[in-house]
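Number of protein chains: 2
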Amino acid sequence: MSKTAEILAIGTELLLGNIANTDAQYISQQLSELGINVYCHSVVGDNPERVTQAAELARSRADIVITTGGLGPTTDDLTKENIARAFGRKLYFDERSADRIKEWFYSKRPNGKMTENNLRQAMLPEGCIVLDNNAGTAPGCIIEDGEKIAIMLPGPPAECRAMWESGVRPYLEKLSDCVIVSRNVRVYGIGESSVETRLGNIIPESKNPTVAPYAKEGEVMLRVTARSDSAEEGYAACDKMVDKIKSILGDNVYAVDKDSLEQTVLEIMKEKGLTLSAAESCTGGLLSKRITDIPGSSAVFKGSVVSYCNEAKAEILGVDPSVIEKFGVISSETALEMAQGALERFGSDIAVAVTGVAGPDRQEDKEVGTIYGAIAWQGGSIVKKIETYYRNRTGIRNMAASALLDMVRRHLTNLPV
Amino acid sequence: MSKTAEILAIGTELLLGNIANTDAQYISQQLSELGINVYCHSVVGDNPERVTQAAELARSRADIVITTGGLGPTTDDLTKENIARAFGRKLYFDERSADRIKEWFYSKRPNGKMTENNLRQAMLPEGCIVLDNNAGTAPGCIIEDGEKIAIMLPGPPAECRAMWESGVRPYLEKLSDCVIVSRNVRVYGIGESSVETRLGNIIPESKNPTVAPYAKEGEVMLRVTARSDSAEEGYAACDKMVDKIKSILGDNVYAVDKDSLEQTVLEIMKEKGLTLSAAESCTGGLLSKRITDIPGSSAVFKGSVVSYCNEAKAEILGVDPSVIEKFGVISSETALEMAQGALERFGSDIAVAVTGVAGPDRQEDKEVGTIYGAIAWQGGSIVKKIETYYRNRTGIRNMAASALLDMVRRHLTNLPV
Numbered sequence: 081m082s083k084t085a086e087i088l089a090i091g092t093e094l095l096l097g098n099i100a101n102t103d104a105q106y107i108s109q110q111l112s113e114l115g116i117n118v119y120c121h122s123v124v125g126d127n128p129e130r131v132t133q134a135a136e137l138a139r140s141r142a143d144i145v146i147t148t149g150g151l152g153p154t155t156d157d158l159t160k161e162n163i164a165r166a167f168g169r170k171l172y173f174d175e176r177s178a179d180r181i182k183e184w185f186y187s188k189r190p191n192g193k194m195t196e197n198n199l200r201q202a203m204l205p206e207g208c209i210v211l212d213n214n215a216g217t218a219p220g221c222i223i224e225d226g227e228k229i230a231i232m233l234p235g236p237p238a239e240c241r242a243m244w245e246s247g248v249r250p251y252l253e254k255l256s257d258c259v260i261v262s263r264n265v266r267v268y269g270i271g272e273s274s275v276e277t278r279l280g281n282i283i284p285e286s287k288n289p290t291v292a293p294y295a296k297e298g299e300v301m302l303r304v305t306a307r308s309d310s311a312e313e314g315y316a317a318c319d320k321m322v323d324k325i326k327s328i329l330g331d332n333v334y335a336v337d338k339d340s341l342e343q344t345v346l347e348i349m350k351e352k353g354l355t356l357s358a359a360e361s362c363t364g365g366l367l368s369k370r371i372t373d374i375p376g377s378s379a380v381f382k383g384s385v386v387s388y389c390n391e392a393k394a395e396i397l398g399v400d401p402s403v404i405e406k407f408g409v410i411s412s413e414t415a416l417e418m419a420q421g422a423l424e425r426f427g428s429d430i431a432v433a434v435t436g437v438a439g440p441d442r443q444e445d446k447e448v449g450t451i452y453g454a455i456a457w458q459g460g461s462i463v464k465k466i467e468t469y470y471r472n473r474t475g476i477r478n479m480a481a482s483a484l485l486d487m488v489r490r491h492l493t494n495l496p497v
Numbered sequence: 081m082s083k084t085a086e087i088l089a090i091g092t093e094l095l096l097g098n099i100a101n102t103d104a105q106y107i108s109q110q111l112s113e114l115g116i117n118v119y120c121h122s123v124v125g126d127n128p129e130r131v132t133q134a135a136e137l138a139r140s141r142a143d144i145v146i147t148t149g150g151l152g153p154t155t156d157d158l159t160k161e162n163i164a165r166a167f168g169r170k171l172y173f174d175e176r177s178a179d180r181i182k183e184w185f186y187s188k189r190p191n192g193k194m195t196e197n198n199l200r201q202a203m204l205p206e207g208c209i210v211l212d213n214n215a216g217t218a219p220g221c222i223i224e225d226g227e228k229i230a231i232m233l234p235g236p237p238a239e240c241r242a243m244w245e246s247g248v249r250p251y252l253e254k255l256s257d258c259v260i261v262s263r264n265v266r267v268y269g270i271g272e273s274s275v276e277t278r279l280g281n282i283i284p285e286s287k288n289p290t291v292a293p294y295a296k297e298g299e300v301m302l303r304v305t306a307r308s309d310s311a312e313e314g315y316a317a318c319d320k321m322v323d324k325i326k327s328i329l330g331d332n333v334y335a336v337d338k339d340s341l342e343q344t345v346l347e348i349m350k351e352k353g354l355t356l357s358a359a360e361s362c363t364g365g366l367l368s369k370r371i372t373d374i375p376g377s378s379a380v381f382k383g384s385v386v387s388y389c390n391e392a393k394a395e396i397l398g399v400d401p402s403v404i405e406k407f408g409v410i411s412s413e414t415a416l417e418m419a420q421g422a423l424e425r426f427g428s429d430i431a432v433a434v435t436g437v438a439g440p441d442r443q444e445d446k447e448v449g450t451i452y453g454a455i456a457w458q459g460g461s462i463v464k465k466i467e468t469y470y471r472n473r474t475g476i477r478n479m480a481a482s483a484l485l486d487m488v489r490r491h492l493t494n495l496p497v
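Heads up: the protein sequence lines correspond to chains A and B, in order. The numbering used here applies: residue 81 is where the first sequence begins, and numbers increase by one. The numbering used here applies: residue 81 is where the second sequence begins, and numbers increase by one.
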């Protein structure tokens, strides 16, 4: 019988709408991977009565109550007092946590003067398991009370996540008596519903490993998660499922356990010792931005020309003005000339180019979303009309940049572009 | 006595962590502006019992219960049935909503075949106020039950927001017997804590208009919100407060009621009939991307060169290789040459350039975060070392791009750069 959990966030800033409850999202994803069912999220402010009420309600319904927030140094921060009360515990002063708080404080502010307030954070429920904070001052903790468990985590997302990784996840894994590992399968070129259709019963019937789809900006990620006695066994089960998915989705699977198309393309090119350049019109720098988001991209990427006006296309990239006149800026012919221009200007091994209508207005009487992409190399080139199904500027620009990256990936790995 | 509200989200996708509860954040911000206190958010799955329980609990505590999600066409979508039950109402078939659903469906899929499921969305609680959906199919509704109010909204953020704006906000404003208007004051160049310190008691003591700070990537936005009998009166009160803020923060206030630095700069340049170009090194296309995110930017922006390698700086931008050799790529001298190169290549009225170390590794023995920015025009130029207080690549790149935009703004409006 799998365990149930509720997530209780404590913080007025959430009720004022200053921030979204991304901690609850993160923890829910994690619990889902651990096979723990989440039936409820709730958020209350820094009010002792409402915190206690919410904690008692959650405790009455779920095996595990996870709180976020309210562990800080100010008098507003009431989580530990109130959760401890709901679990019938008193607080004690934890010397080791106090030392860690001092150490963290003075490492950040060598000339600072720590106030007594900060040490309030070292007050912890009697008999708890202390969760060290490696990304801030406030420690978290776990209370085990018969069949019920309370886990208290700090609110700032970076601290919450670091503590989850270092303390909570290992604790819950041990509790569940198994190891959980996962692989992320990255898919480009087919939509989420089409991925689900092609995979048939695999997603709904997947138990161990489970297969969960996540759609994001023209891409789909499939997370394959296995529970087993050892990591080796788990990865073996994941890899078997990954192979099955690959055999169905074919070359639409562009990578496993990588972050993005741009990372994938850069790694392939780095390995082959090749360089890249770009000429961008409608994407206006977005393609270059995505490539240079990756640390170390300078080993591959030589640069780009954002030719947002026709003169720049002609003068900097050397596009023949008569080509623009004859076929228009939004054409495969202009895309090709732009790619060849970038190849020459930057002296790179491969160049990509994109031109099209990102909207909101039509251009050259062509519909919003009309995009042409080209890649060129010494001795060859490919140009292609790119299908975009977004109808807004941001979506179209992102999809155009992704399509260009996928063209390069396919060219580099000898797949049909 | 101000009213209280609770927000109840219904949707398994939230409990699985597929999405964050951004609807609750948006609605909380809006309620806060309307002077309605929010004491609790909760999220439950598509389970009739838990939805009813949560609705009854919320109803027992708050004047207004706002639900999001669960209005769709599938059998999972149970919100209306269960909320109606908690408020003692039956459902009826709303012909007008059914017609609107059909119209929306066939406008998107002229050759589609609508299933009966879709018309389930036209089932609404008896005696409710119908909220039209202008961004999708499912209508929302309001139930008034003595002192208690239930408001049901669709889950998809675009639909939720559109319905809030068109139906809920006007309804709540009428309820509160006053008009609420606001102004957004945009601040660049000073951090949030420094803004708060300089404004002294203004933020904590603001009642009508209220002043609320929002920090975002190196910028601060101050939202000034006034409640009064008429919009004119409200805007007059806001504008008085805006003037007071401006008199304290001076030229760090870059705009009121605009979206971004890039929008502000583009509008000033468009008005003056000036054109812009750029040369980017460490920002790698991000600056151009941010400028071209704005529809209509092509009237001002001629393009840019992303010179990610030294050859491109020399050959395309015409940077003197001996300058790079003598002063390094990360230097004010190189930044200046890059700006002058872009000015010449693109024939624009103003050109900007940025070079620096975005990290994660040091470069030319210069620290991560060392950035130089330059602007050039016919007959003049300015170069500046840019202070970045972020220590990660994304933060540094964003801050560098913002700093360049702010330099252009200052230059264009005769402020010290």
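The C-beta atom is built at its ideal place from N, Cα and C for all residues, glycine as well.
(request) Excluding the 5 residues preceding and the 5 following A:F381 in the sequence, name in chain order all residues of the same chain whose CB lies nearer than 7 Å to its CB. (result) For this step, residue 381 of chain A is matched to residue 301 along the first sequence. Answer for A:F381: L356, I371 and T372, listed in chain order.
(message) So, with DSSP's three-state summary, where would you put B:G91?
(response) By 1-based counting over the second sequence, the position of residue 91 of chain B is 11. If DSSP states are grouped into helix, strand and coil, B:G91 belongs with coil.
(request) Give a yes or no on whether the C-beta atoms belonging to A:M243 and A:L151 are separated by under 8 Å. (result) The residue you call residue 243 of chain A lines up with position 163 of the first sequence. The residue you call residue 151 of chain A lines up with position 71 of the first sequence. Not a contact, by the Cβ cut-off of 8 Å.
(request) Taking B:L492 and B:E342 to be in contact with their CB atoms under 8 Å, please state how far apart those CB atoms are, rounded to whole angstroms. (result) As a first step, residue 492 of chain B must be located in the second sequence, where it is residue number 412. As a first step, residue 342 of chain B must be located in the second sequence, where it is residue number 262. In fact, because the Cβ distance is near 13 Å, the residues do not count as touching under 8 Å.
(message) I want to see whether chain B comes within less than 8 Å of A:T372, judged by CB atoms only; does it?
(response) Here residue 372 of chain A is taken as the residue at index 292 of the first sequence, counted from 1. It does: the Cβ of A:T372 has a partner Cβ on chain B nearer than 8 Å.
(message) Please classify A:D156 as buried or exposed, where buried requires at least 16 neighbouring CB atoms within 10 angstroms.
(response) Counting from 1 along the first sequence, the entry for residue 156 of chain A is found at position 76. When all chains shown are included, A:D156 counts as exposed.
(message) Just checking: is the beta-carbon of B:A100 within a distance shorter than 8 Å of some beta-carbon in chain A?
(response) Numbered from 1 along the second sequence, position 20 holds the residue referred to as residue 100 of chain B. Yes, its Cβ sits closer than 8 Å to a Cβ of chain A.
(request) Report the three-state DSSP secondary structure of B:N127 (helix, strand or coil). (result) What you label residue 127 of chain B is simply residue 47 of the second sequence in a count that begins at 1. Coil at B:N127, not helix or strand.
(message) I'd like to confirm the pairing. Which residues does DSSP put opposite A:Q201 in its beta bridges?
(response) By one-based count along the first sequence, residue 201 of chain A stands at place 121. According to DSSP, A:Q201 bridges with nothing at all.
(request) Using 10 angstroms around the beta-carbon of B:K393, count the other beta-carbons present and answer buried if the total reaches 16, otherwise exposed. (result) To locate residue 393 of chain B, count along the second sequence from 1; it is residue 313. Classification of B:K393: buried, given that the 10 Å Cβ count is 16 or more.
(request) Please list the partners that B:H121 has in chain E, where partner means a Cβ-to-Cβ separation under 9 Å. (result) The chain inventory of the structure shown lacks chain E, comprising the protein chains A and B.
(message) Can you check whether the C-beta of A:L366 is within less than 8 Å of a C-beta belonging to chain B?
(response) Position 286 of the first sequence, counting from 1, holds the residue named residue 366 of chain A. Judged by the 8 Å Cβ criterion, A:L366 is in contact with chain B.
(request) Using three-state DSSP, classify A:A317 as helix, strand or coil. (result) Position 237 of the first sequence, counted from the first residue, corresponds to residue 317 of chain A. DSSP places A:A317 in helix when its eight states are reduced to three.
(request) Could you give the DSSP three-state label for A:I455: helix, strand or coil? (result) Translated into positions along the first sequence, residue 455 of chain A becomes position 375. It is a strand residue.
(message) Here's the rule I'm using: 16 or more other beta-carbon atoms within 10 Å means buried, otherwise exposed. How should B:T217 be labelled?
(response) One-based indexing of the second sequence puts residue 217 of chain B at position 137. Counting Cβ neighbours within 10 Å, B:T217 comes out buried, since at least 16 surround it.
(request) Mind listing the chain B neighbours of A:E391? Cutoff is C-beta to C-beta under 8 Å, in chain order. (result) Here residue 391 of chain A is taken as the residue at index 311 of the first sequence, counted from 1. Near A:E391 (Cβ distances below 8 Å), the residues of chain B are K382, F426 and G427.
(message) I want to verify the contact list: residues of chain B whose CB lies under 7 Å from the CB of A:K369, in sequence order.
(response) Taking the first residue of the first sequence as 1, we reach residue 369 of chain A at position 289. The contacting residues are G364, G365, L366 and K369.
(message) I need the DSSP call for A:G421, collapsed to helix, strand or coil.
(response) Here residue 421 of chain A refers to the residue found at position 341 when the first sequence is read from its first residue. Assignment of A:G421 by DSSP, reduced to helix, strand and coil, places it in the helix class.
(request) List the residues of chain A whose Cβ lies closer than 7 Å to the Cβ of B:V78, in chain order. (result) What is shown of chain B runs 81 to 497, which leaves residue 78 of chain B out entirely.
(message) So if I threshold CB-CB distances at 7 Å, which residues from the segment 298–331 of chain A count as touching chain B?
(response) none
(request) Could you tell me whether any Cβ in chain A is nearer than 8 Å to the Cβ of B:R241? (result) As a first step, residue 241 of chain B is located in the second sequence; it is residue number 161 there, counting from the start. B:R241 does not count as touching chain A.
(request) Leaving out five residues on either side along the sequence, give the residues of the same chain with a beta carbon under 7 Å from the beta carbon of B:P236. (result) Along the second sequence, one-based indexing puts residue 236 of chain B at 156. Same-chain partners within the cutoff: G216.
(message) Just to confirm, is the Cβ distance from A:V432 to A:A358 under 8 Å?
(response) For the purposes of this step, residue 432 of chain A is taken as the residue at position 352 of the first sequence. For the purposes of this step, residue 358 of chain A is taken as the residue at position 278 of the first sequence. The answer is yes: Cβ separation under 8 Å.
(request) Let me know if A:G453 comes out buried or exposed under the rule of 16 or more other beta-carbons within 10 Å of its beta-carbon. (result) Within the first sequence, numbered from 1, the residue matching residue 453 of chain A stands at position 373. A:G453 is buried by the Cβ-count criterion.
(request) Kindly identify the DSSP beta-bridge partner or partners of B:P293. (result) Taking the first residue of the second sequence as 1, we reach residue 293 of chain B at position 213. Bridge partners of B:P293: B:L302.
(message) Can you tell me whether B:P289 is buried or exposed? The criterion is at least 16 other CB atoms within 10 Å of its CB, across all chains shown.
(response) Here residue 289 of chain B is taken as the residue at index 209 of the second sequence, counted from 1. Per the 10 Å Cβ criterion, buried.
(message) Strictly under 8 Å for the Cβ-Cβ distance: is A:Y251 near chain B by that measure?
(response) For the purposes of this step, residue 251 of chain A is identified with residue 171 of the first sequence, where counting begins at 1. False, the Cβ-Cβ gap to chain B never drops below 8 Å.
(message) For a test of the three-state rule: what should DSSP assign to A:R278, helix, strand or coil?
(response) For this step, residue 278 of chain A is matched to residue 198 along the first sequence. Helix at A:R278.
(request) Determine the chain B residues that contact A:V488 at a beta-carbon separation under 7 Å, and present them in chain order. (result) Residue 488 of chain A sits at position 408 when you count from the first residue of the first sequence. Ordered by position in chain B, no residue passes the 7 Å Cβ test against A:V488, which lies about 16 Å from the chain.
(request) Give a yes or no on contact between the segment 256–268 of chain B and the segment 124–135 of chain B, applying the rule of three or more CB pairs nearer than 8 Å. (result) Result no; under three Cβ-Cβ pairs closer than 8 Å.
(message) With the cut-off set at 8 Å, would you say B:E107 and B:I87 are in Cβ contact?
(response) Within the second sequence, the letter at position 27 stands for residue 107 of chain B. Within the second sequence, the letter at position 7 stands for residue 87 of chain B. The sequence as given places Ile at residue 107 of chain B; Glu does not occur at that position. It is a contact, given that the beta carbons lie within the stated cut-off.
(message) On the DSSP letters alone, give me the boundaries of the beta strand (DSSP E) that A:V385 sits inside.
(response) Locating residue 385 of chain A in the first sequence gives position 305, counting from the first residue. Here the beta strand (DSSP E) through A:V385 covers F381 to S387.
(message) With three or more C-beta pairs closer than 8 Å as the rule, is the segment 278–286 of chain A touching the segment 97–106 of chain A?
(response) As far as the Cβ criterion goes, the segment 97–106 of chain A does not touch the segment 278–286 of chain A, which means the pair count is below three.
(request) Using a Cβ cut-off of 8 Å (strictly closer), state whether B:I396 contacts chain A. (result) Within the second sequence, the letter at position 316 stands for residue 396 of chain B. Judged by the 8 Å Cβ criterion, B:I396 is in contact with chain A.
(request) With a floor of 3 residues, list each beta strand (DSSP E) that falls wholly inside the segment 245–269 of chain B, ordered by position along the chain. (result) Runs found: 259–268.
(message) What would DSSP say about B:D225, mapped onto helix, strand or coil?
(response) As a first step, residue 225 of chain B is located in the second sequence; it is residue number 145 there, counting from the start. Three-state result, B:D225: strand.
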